[in-house]
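Working notes, beginning with the structure itself.
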Amino acid sequence: MKFSVSPVVRVAVQCKVASDLPKLVEGLKRLSKSDPMVVCTIEESGEHIIAGAGELHLEICLKDLQDDFMGGAEIVKSDPVVSFRETVLEKSSRTVMSKSPNKHNRLYMEARPLEERLPEAIDDGKIGPRDDPKVRSKILSEEFGWDCSIFHCFSKLIQSISGLFIPILP
1 MKFSVSPVVR
11 VAVQCKVASD
21 LPKLVEGLKR
31 LSKSDPMVVC
41 TIEESGEHII
51 AGAGELHLEI
61 CLKDLQDDFM
71 GGAEIVKSDP
81 VVSFRETVLE
91 KSSRTVMSKS
101 PNKHNRLYME
111 ARPLEERLPE
121 AIDDGKIGPR
131 DDPKVRSKIL
141 SEEFGWDCSI
151 FHCFSKLIQS
161 ISGLFIPILP
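Residue numbers (the UniProt record's numbering): 1 to 170.
Take a look at the structure:
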């Protein structure tokens with residue numbers, strides 16, 4: 001099922017009593033199944049994150065988690081955090097220059113939007129940072145019209161389309 005809204009508000013949750021951790025884990029699984037707009041993840045630090053479409057949506061989810069899915073066990077939640085994301089709508093009007101820290105290299109850059117199908121391909125897992133570079137180059141050149149002789153970097157993707165493409169122009 002595709003949604004036009006993505007979960008952008010995030011809250012970290014933990015049990016007030018450590019012995020309730022299995023209830024929290026099971027409750028998060030049940031919450032994810034009951035509401036397709038909720039994304040529950042576990043960070044590398046072990047922190048449990050719930051992401052929703054807005055603060056009200058998260059409040060309702062947290063109430064459901066605590067009352068319905070955890071049998072009333074108390075949870076501690078962090079303040080809501082919004083992940084800000086920006087996008088490029090049209091080609092930049094100028095090329096900018098930046099120097100490396102040692103002042104020996106100059107980098108020239110301009111911003112332009114990605115092809116419409118490329119973010120979908122990334123979200124669907126058809127192309128990603130762990131792909132073989134030659135295979136990835138072939139897909140980018142044949143399906144999306146990229147000139148592989150000028151792009152040098154396909155950065156680590158942070159949750160689908162928040163990745164960064166850096167074309168190096170001659």
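Idealized CB from N, CA, C, for every residue including glycine.
Straight-line measurement puts the Cα of Leu56 at about 32 Å from the Cα of Pro113. If you draw a straight line from the Cα of Ser92 to the Cα of Tyr108, it comes to about 13 Å. For Ala111, no beta strand (DSSP E) segment is defined, and its DSSP state is neither H nor E.
By the CB criterion at 8 Å, Ser83 and Arg130 fall outside the cutoff. DSSP places Ser141 in no beta strand (DSSP E) but in the uninterrupted alpha helix (DSSP H) bounded by Pro133 to Phe144.
Where Val39 is concerned, there is no enclosing alpha helix (DSSP H), although the beta strand (DSSP E) around it starts and stops at Val39 to Ile42. If only complete runs of 3 or more residues are kept, the stretch 17 to 66 shows the beta strand (DSSP E) at 39 to 42 and 48 to 52, in order along the chain. Sorting Ser6, Ile75 and Lys134 by C-alpha distance to the C-alpha of Lys63 places Ile75 at the top. Of the other Cβ atoms in all chains shown, 16 or more fall within 10 Å of the Cβ of Ile127; this residue is therefore buried. Under the three-state reduction of DSSP, Ala121 is assigned to helix.
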